[in-house]
Structures are given as structure tokens and as C-alpha cells.
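J.: After the C-alpha cells below, expect a handful of questions from me.
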Amino acid sequence: MAAAALRLGLMVPANNTTMESELLAWLPGGASCRTLRIPRGEGMLGPAEIPAYVARALELARSYDPDQTDIVAYGCTAAGFLGGPARDAGIQRDLAAVTGKPVVTTANAMVEVLRHIGARRVAVVTPYPDQVNERLRAYLEQSGIAVTRLASFRAATTDELAAITPSQISALARDTMTSDSDAMFVACSQLPTLDILDGLAREFDKPVWSSIKATAWHAQRVLAGAMA
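Number 79 in this note's numbering belongs to position 72 of the sequence shown; there are no gaps in the numbering.
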């Protein structure tokens, strides 16, 4: 008997126009996604906005039907890593308690996939302002992963973030990758990377991952473990 198609509950910032379609492209055929959009302002998320943002996410998550959902993905990279690994794990536990389902966070998926491929030193591309980039660097380093070089588009608003193109991401990735990096990671679930990751990996001869691809990989892994 064929395995049932994966039914994913996805939570993203209200402005996110990328993650649902690219996530489904990385998941097995037949997968479905019910996306809940978390309200937020036009500016980029920072530490001060996170408590209210997370509270809204937890309230929204109550609307998931446990009979129609296999696993939930908290798909906001920055809202996961800004508080550090312990806070991200707390968000995961709280969402699991609310939904009654396994939960993955994009921030944790980033760490899990880098550990899985044995990447201890990574080059990173982001769209974030400097304050947020430093939190990302700290999150990775607290997880045992060194950042060899980090480059950013430094988007100041969600409109600027949405305007970043795959070709721009590729160009910044080429300027950022270093010979002593084990891998490259493109952080942010709004950045479109579906069509460029494989080409960059061939070009660098190193693994290249993104927030969205890592979330798809980790969701399948966690769900398989929960069903074992």
C-alpha cells in the first residue's frame, strides 16, 4: 500500500510569498500545505517584536485540524533564531502542545541539516539588517557551527525583501563563498532559491542549502521518526 501523502501545516509571516510553493516543490509528490500567515508590520523583524509575534503564532496554530495535519512547520527563520537555540526549542514545544502534532522550526532545520552533512564551517547569505545577522551568527555558533563569511542584502522593509531575485542571490552567494567553507546556507524563507541551489552546488562543488529546502528535509525526517 502506498504511503499517504504528507499534509503539512505551515506558519509564515504574513508577507511571505515564497515558502509555500517552494516547500511543496521540495516535498514528495502529492504533499499538501495549509498555510497560516502571522500578522506583522512592514519593517524587518527584530528582537523587540518577537514576543508578540510568537504569541500571535500560537493563537493562530489552534485552528489546525489535527485530523487533517501530519506535521507543523514554523517557517520564519528570523523569528526562530533571534532568541537563541533554547528559545527556538521553546517555540517548537509550545506549538506542539497547541497543535498536538510534531513541529519543526526553520531555524532548527538549518542547524540539523548542516550537522547532517558534516558542515562545521559555513558561508551564509541573508537579507537581514546587521543586528539580526549578528543573532544568526550567534545562533549558529552556539550550535557548534562557525560562520566563515556572512553577506547580506540588508533589506529594511518587507517590500525590499520581496524584491530580491534569484539572480541577485546567486551573485551574492558567489561573492560570499570561501574555499574553507564546508557548505553555503541561504537564510530566510522569503528568498527564492528553488531554481539556483543545485547550480550553485555544482559551481562551488560544495553543498548549498536554504531555509526552505532545509525545512522540507527536516519535516520529512521528523515525521518519519514520529511514525516509526
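Beta carbons are placed, not taken as given, at the ideal position from N, Cα and C, and that holds for glycine.
Remember, predicted model here, so these are calculated numbers, not experimental data.
1) Is the Cβ-Cβ distance between PRO46 and ARG63 less than 9 Å?
2) How would you call ALA55, buried or exposed, if buried means at least 16 neighbouring beta carbons within 10 angstroms?
3) Please report the residue range of the alpha helix (DSSP H) in which PRO20 lies.
4) Could you tell me which of MET117, LEU65, HIS225 sits nearest to ALA104, measuring between CA atoms?
5) Given a cut-off of 9 Å, decide if ALA130 and GLN147 are closer than it, judged by their beta-carbon atoms.
6) Residues in its own chain within less than 7 Å of LEU30 by CB, not counting five upstream and five downstream?
7) Output the boundary residues of the beta strand (DSSP E) element that contains THR133.
8) Can you tell me which of ALA231, ALA114, ARG94 puts its alpha carbon nearest to the alpha carbon of ALA80?
9) Residues in its own chain within less than 6 Å of SER159 by CB, not counting five upstream and five downstream?
10) Suppose only complete runs of 3+ residues qualify. What are the beta strand (DSSP E) ranges in the segment 40-86, listed by chain order?
11) Which residues does DSSP list as the beta-bridge partners of TRP216?
12) Pull the bridge partners of SER159 from the DSSP assignment, please.
13) Using CA atoms only, rank isn't needed, just tell me which of THR185, PRO214, PRO109, ASP189 is closest to ALA226.
14) Determine the burial state of ALA163: buried for a count of at least 16 other Cβ atoms within 10 Å of its Cβ, exposed for fewer.
15) Using DSSP with H/G/I as helix, E/B as strand and the rest coil, what is MET8?
16) If we count Cβ pairs, one from each stretch, closer than 8 Å, do we get three or more for the segment 79-98 versus the segment 182-192?
T.: According to the data block:
1) yes
2) By the 10 Å Cβ count, ALA55 comes out exposed.
3) Where PRO20 is concerned, there is no enclosing alpha helix (DSSP H), although the beta strand (DSSP E) it sits in stretches over 14-20.
4) LEU65
5) Contrary to the premise, residue 147 reads as Leu rather than Gln in this sequence. The answer is no: Cβ separation not under 9 Å.
6) LEU17, CYS40, ILE219, THR222, ALA223
7) 128-133
8) ALA114
9) THR133, TYR135, ASN140
10) 78-81
11) PHE192.
12) THR133
13) PRO109
14) ALA163 is exposed by the Cβ-count criterion.
15) Here the model assigns MET8 a pLDDT of 33, short of 50, so the residue's position is not dependable and the matter cannot be decided.
16) no
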